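In the working numbering, the protein residues as written are 186 to 546.
Just below is one structure, and these are the notes that go with it.
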Amino acid sequence: MTAMDLQVSETVSGNPLLSTMDSIQEVIDQGTINSKDHMGSTFLHRAAREGHVEIVEKLLESGASVCLEDLYGHLPLHVASMSGHPKIVQLLLNQDCDALDKMSSTKLSPLHCAAKEGKLEVVKLLLERGASLNVQNSYGHTPLMLAVSEDHIDVVRLLVDAGADLFVRDKSTLCVFHLAISKGSPRCLQVLLDKVAQGKLLDHTNIHGLSPYQSALVKLVTYSDSYTEIFEKMKMLIKAGASPRLAESPRTFHMMKVPSVFEKLVISGNVDAVSLILQTNVRKHILKEVSGTLIKLTKGTINSASKDMEGLLQDYLGDVGSLHHLCRMVIRENIDPRYQSICQLPLPQNLKNYLAFSDLC
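Written as structure tokens, this is what we have:
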């Protein structure tokens with residue numbers, strides 16, 4: 186590298202030559218327009234990142250390459266997308282439309298970059314230009330998954346409305362609903378559920394055999410400081426038709442063993458969550474076996490929450506349940522495959538609401 190190259194490289198990083206058009210003209214005259222700094226960024230990368238529209242136009246007119254990558258494999262288009270500059274994104278795409286779905290070294294497309302950072306206008310533009318909706322990065326995450334993980338609700342809604350796949354799995358076998366439980370807000374989850382009501386199932390399991398509902402239950406015990414939000418998500422899933430089962434396979438049956446998630450909820454005094462589980466679970470014989478043990482555990486404490494819990498469990502053990510309530514649980518367990526969602530059933534709305542546990546959630 187010559188002294189001139191070193192000076193230009195440092196200037197790209199330090200940014201003084203991006204302050205005026207005269208400075209850019211100087212770079213153009215020197216023939217160093219595509220020089221890179223120590224991070225592999227060119228003048229075009231820098232201008233795209235910082236939103237200098239006129240400078241980007243000048244660089245492009247003067248032959249700046251849109252195909253040079255920085256050390257992360259990012260083109261200027263990736264940088265402009267994650268920084269949220271739609272005018273610059275448009276300029277770069279006009280120069281090289283093939284860059285629309287170009288993947289970085291970590292397999293991030295421009296749409297991934299914009300969705301992760303919540304850049305709504307850029308996401309709109311990329312979709313209008315035909316960006317691939319369901320492309321996956323090195324972890325198997327789609328743009329929708331990244332938007333959900335960062336709780337960018339407007340971007341999530343846009344991607345969902347555009348037809349993003351809600352049930353593609355990442356490399357940990359998580360679907361977007363698992364991510365909404367662990368990272369998104371209830372509002373974000375509702376955006377997804379509004380689409381699922383059109384007929385998709387909500388009981389996909391991850392590598393541990395946990396559905397989104399079961400994941401929420403585990404999270405409820407693990408992160409007690411987020412109790413209210415997680416409990417709200419559990420109710421939303423049940424209302425949308427998710428199965429409230431606690432155990433479906435040998436991989437998840439450990440949830441009913443000591444110290445199980447259910448028992449931890451009882452011991453911690455989470456009366457609302459335990460009540461919801463008891464009232465929505467069709468496998469009463471399993472819960473009754475556990476409940477008998479738990480009543481003995483709660484008798485060892487004297488606080489009011491424990492007394493409330495003991496009363497709840499005692500009432501449950503002695504209650505056979507109304508015929509209507511027992512019927513709706515069995516119906517939920519045996520919905521015809523043609524009707525993958527409660528809302529699709531050819532029934533009056535009041536019956537659909539009853540099957541969706543609207544009176545409990």
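Beta carbons are placed, not taken as given, at the ideal position from N, Cα and C, and that holds for glycine.
Fair warning: this is a prediction, and the values are worked out from it, not measured in the lab.
Neighbourhood of V361 by C-beta distance below 7 Å, restricted to the same chain and skipping five residues each side: Counting only Cβ-Cβ distances below 7 Å, and skipping sequence neighbours, we find L329, M330, V333, L351 and L377.
Which of helix, strand or coil DSSP assigns to E518: E518 sits in a helix when the DSSP states are folded into three classes.
Supposed close pair I240, I213 - CB separation, criterion 8 Å: Going by Cβ atoms, the distance from I240 to I213 rounds to 11 Å, so no, they are not a contact pair.
Option nearest S268 by Cα separation, candidates G454, E235 and L461: That would be E235, whose Cα lies nearest to the Cα of S268.
Chain-order list of residues whose beta-carbon lies under 8 Å from that of S460 (same chain, five-residue window excluded): Cβ-Cβ distances below 8 Å link S460 to L497 in the same chain, with the five nearest sequence neighbours on each side left out; the list follows chain order.
For P328, the first and last residue of its enclosing alpha helix (DSSP H): Per DSSP, P328 is one residue of the alpha helix (DSSP H) stretching across P328 to S334.
Whole-angstrom C-beta distance between L405 and P397, which should lie under 8 Å: About 13 Å; that fails the 8 Å criterion.
Nearest to Q215 (by Cα), restricted to the options H230, S247 and L450: For the options H230, S247 and L450, the alpha carbon positioned closest to that of Q215 is the one of S247.
Within 7 Å, strictly: CB atoms of N391 and H363: A distance below 7 Å separates the beta carbons of N391 and H363.
Rounded Cβ spacing between V456 and D493 (contact assumed at less than 8 Å): Contact between V456 and D493 holds: their C-beta atoms lie close to 5 Å from each other, under 8 Å.
Rounded separation between D346 and E306 - CA only: About 15 Å.
L260 vs L244 beta-carbon contact at 7 Å: Taking a C-beta distance under 7 Å as the contact criterion, L260 and L244 do not qualify as a contact pair.
Whole-angstrom distance between A233 and H270, CA atom to CA atom: Rounded to whole angstroms, H270 and A233 show a C-alpha spacing of 8 Å.
S266 in three-state terms, based on DSSP: In the structure shown, S266 adopts helical secondary structure according to DSSP, grouped into three states.
Proximity test, N219 beta-carbon vs the ligand NAD heavy atom, cut-off 6 Å: The ligand content of the structure shown is nil, which means the ligand NAD is not present either.
With 16 other Cβ atoms within 10 Å as the buried cut-off, status of P295: Burial call: buried.
Whole-angstrom distance between F416 and N535, CA atom to CA atom: Here the alpha carbon of N535 sits roughly 24 Å from the alpha carbon of F416.
Residue range of the alpha helix (DSSP H) that includes V241: Segment V238 to E246, the alpha helix (DSSP H) holding V241.
Buried/exposed call for D339, threshold 16 Cβ in 10 Å: By the 10 Å Cβ count, D339 comes out exposed.
With 16 other Cβ atoms within 10 Å as the buried cut-off, status of R372: With fewer than 16 Cβ atoms within 10 Å of its Cβ, R372 is classed as exposed.
Uninterrupted beta strand (DSSP E) stretches inside the stretch 383-418 (no shorter than 3 residues): For the stretch 383-418, not a single whole beta strand (DSSP E) run of length 3 or above is found.
C-alpha gap between A349 and E211, whole angstroms: When only Cα atoms are considered, A349 and E211 end up about 46 Å apart.
Length of the line joining the Cα atoms of G303 and R342: Between the C-alpha atoms of G303 and R342 there is a straight-line separation of about 11 Å.
Same chain, Cβ closer than 7 Å to Y539, five either side skipped, listed in chain order: Taken in chain order, the residues that qualify are R513.
Contact under 7 Å by Cβ, L344 with R314: No, the Cβ-Cβ distance between L344 and R314 is not below 7 Å.
CB of S289 within 7 Å of CB of G258, strictly: Contact: yes.
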